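Q:
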Amino acid sequence: MVYIVALLSVIFLGLAVLVISRMAAVVKSTRGPVEEGRIGMSNRINAALFMVFFVVGLVGAVWSFWYASDYFLPEASSPHGRRTDFLFWLSMAIITVAFLITNALLFFFAWRYQHREGYKAAYYPENHKLELIWTVIPAVVMAVLVFTGWRAWRDIMSEAPADAQVFEIVGKQFNWIVRYPGVDDNKLGAYNYKLIDNSNDTGIDYTDQASFDDFTSTTELHIPVNKPVLLKIRARDVLHSVFIPHMRVKMDAVPGMPTRFWFVADKTTDEMRNITGNQDFGYEIACTEVCGRGHFSMRIRLVVEDEASWQAWCKEQKPLLSSTPELAARIPANLKAKAAKYLPADAPAAPADSTTASTQQGGGVSIARTTIR
Numbered sequence: 001m002v003y004i005v006a007l008l009s010v011i012f013l014g015l016a017v018l019v020i021s022r023m024a025a026v027v028k029s030t031r032g033p034v035e036e037g038r039i040g041m042s043n044r045i046n047a048a049l050f051m052v053f054f055v056v057g058l059v060g061a062v063w064s065f066w067y068a069s070d071y072f073l074p075e076a077s078s079p080h081g082r083r084t085d086f087l088f089w090l091s092m093a094i095i096t097v098a099f100l101i102t103n104a105l106l107f108f109f110a111w112r113y114q115h116r117e118g119y120k121a122a123y124y125p126e127n128h129k130l131e132l133i134w135t136v137i138p139a140v141v142m143a144v145l146v147f148t149g150w151r152a153w154r155d156i157m158s159e160a161p162a163d164a165q166v167f168e169i170v171g172k173q174f175n176w177i178v179r180y181p182g183v184d185d186n187k188l189g190a191y192n193y194k195l196i197d198n199s200n201d202t203g204i205d206y207t208d209q210a211s212f213d214d215f216t217s218t219t220e221l222h223i224p225v226n227k228p229v230l231l232k233i234r235a236r237d238v239l240h241s242v243f244i245p246h247m248r249v250k251m252d253a254v255p256g257m258p259t260r261f262w263f264v265a266d267k268t269t270d271e272m273r274n275i276t277g278n279q280d281f282g283y284e285i286a287c288t289e290v291c292g293r294g295h296f297s298m299r300i301r302l303v304v305e306d307e308a309s310w311q312a313w314c315k316e317q318k319p320l321l322s323s324t325p326e327l328a329a330r331i332p333a334n335l336k337a338k339a340a341k342y343l344p345a346d347a348p349a350a351p352a353d354s355t356t357a358s359t360q361q362g363g364g365v366s367i368a369r370t371t372i373r
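Going by UniProt numbering, the residue at position 161 of the sequence shown is 161; the numbering climbs one at a time, nothing skipped.
Below, the structure is given as structure tokens:
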């Protein structure tokens, strides 16, 4: 690679010297009459260089693509990702064909219609048929690309299926926090950013009993294969961005504005290790929005596994209430009994001056508010 760069540098310097010398000759020619023969020779040299530059540039572009292909991501591990890749490569193919045709004509015309002694250029002011062709064809192609892209975007950003497995991922400087619904109810509880502190990183609201069995992780996200997954995305401080490259998932995490993205992972981590031939392969979630000095460290492991393995792993995890029993003080008195099974036997009791301020019944759901003085 170093030798190729050195060779290209030498070629570039040679071309630069040649261009400068030709420019000097042009400047000199403006100071007086130039012989017809010298003009013809200059044009022949320039015309030949145009063709040489085109051929060398084309070879360089092909080599660059071939060399970089080893670093391309493997086939997407999600259906919407493969659809996105198809649209990307379709657009690239159309753009490349248009680029080659227009530039081939540009460089060929510079060589074919160079200055010749006694040759007079034809005056060709307009051609309505040609103008119609080069206007209608690009317009139709662009319309097709826009329409297919809009359909893909509409499907990708549609509402998640009703049976989607829901997770919450919260970005903060400088790590991700994943919240899982507990295995008892498979529902994420409510949250409130005002409740965030050192023991409650995501602001889980324990006045909602669905929160009792929720658990969190800052090291990995486990998801089931071949099942819709809905990521509910939040940011605690500054702008972050959830990026799962092998799934072609990317969505900003915006403070004060929850976002979401749903997808289906159809290749487990073990399958990808076999496909890539790399037994150390692992999916990851990274941040693609520069969020501060520690931005480089914002990554978390993503594990895709079969349903049974995922269920077994979830059952091994402890609810946040079990690992942080001091959160029990935030549970309303009328829900203490329901939360008891998630708390260790020696969990601290609620403060004596904690009182239930109000309990409202609405739509069959009990809503409790606890005031701690």
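Virtual Cβ for every residue (Gly too), placed ideally from N, Cα, C. These figures come from a predicted structure and were not determined experimentally.
#1: Buried or exposed for residue 410, going by 16 or more other Cβ atoms inside 10 Å?
#2: Whose C-beta lies closer than 7 Å to the C-beta of residue 205 among residues of the same chain, with five residues either side of it excluded?
#3: Nearest-angstrom Cα distance between residue 249 and residue 264?
#4: Spell out whether any CB of chain D is found under 9 Å from the CB atom of residue 317.
#5: Applying the 10 Å Cβ sphere with the 16-neighbour rule, what's the burial state of residue 226?
#6: Taking DSSP's pairing of strands, which residues face residue 291 in a bridge?
#7: Could you tell me the distance, in whole angstroms, from the CA atom of residue 239 to the CA atom of residue 317?
#8: Between which residues of its own chain and residue 140 is the CB-CB distance below 8 Å, once the five residues before and five after are set aside?
#9: With H, G and I counted as helix, E and B as strand and the rest as coil, what does DSSP make of residue 216?
#10: Specify whether the region 281–288 and the region 297–315 touch according to this definition: at least 3 beta carbon pairs, one from each stretch, less than 8 Å apart.
#11: Are the region 131–140 and the region 52–71 in contact at 8 Å, needing three or more beta carbon pairs?
#12: Does the distance from the C-beta atom of residue 51 to that of residue 107 stay below 9 Å?
#13: Which parts of the region 87–146 are runs of the beta strand (DSSP E), unbroken and 3 residues or longer, counting only runs that do not cross its ends?
#14: For residue 128, is the classification buried or exposed, using 16 other Cβ atoms within 10 angstroms of its Cβ as the cut-off for buried?
#15: Express the C-alpha separation of residue 202 and residue 143 in angstroms, rounding to a whole number.
#16: Which term fits residue 401, buried or exposed, when burial requires 16 or more other beta carbons within 10 angstroms of its beta carbon?
#17: Less than 9 Å between the beta carbons of residue 175 and residue 257, yes or no?
#18: Is the region 157–174 in contact with the region 219–237, if contact means three or more CB pairs nearer than 8 Å?
#19: Is residue 235 closer than 9 Å to residue 171 when the C-beta atoms are compared?
#20: Thinking just about the alpha-carbon of each residue, which of 54, 57, 209, 46 is nearest to the one in residue 335?
#21: Can you have a look at residue 261 and say buried or exposed, based on whether 16 or more other CB atoms are within 10 angstroms of its CB?
#22: If contacts are defined as beta-carbon pairs under 8 Å, then residue 247 and residue 81 qualify, I think. What distance do you get, rounded to the angstrom?
#23: Is DSSP giving residue 408 helix, strand or coil here?
#24: Taking its Cβ as the centre, do 16 or more other Cβ atoms sit within 10 Å of residue 207, making it buried, or is it exposed?
#25: What is the rounded straight-line gap between the Cα of residue 329 and the Cα of residue 182?
A: In terms of the structure at hand:
#1: The requested residue 410 is not part of the displayed model; the chain covers only 1 to 373.
#2: 189, 190, 191, 192, 195, 211
#3: 10 Å
#4: No chain D appears in the structure shown, which is made up of a single protein chain.
#5: exposed
#6: According to DSSP, residue 291 bridges with nothing at all.
#7: 30 Å
#8: none
#9: strand
#10: yes
#11: no
#12: yes
#13: none
#14: exposed
#15: 44 Å
#16: Missing from the structure shown is residue 401; the chain here goes from 1 to 373 and no further.
#17: no
#18: yes
#19: yes
#20: 209
#21: buried
#22: 6 Å
#23: No answer is possible for residue 408: it lies beyond the span of the chain, which begins at 1 and ends at 373.
#24: buried
#25: 20 Å
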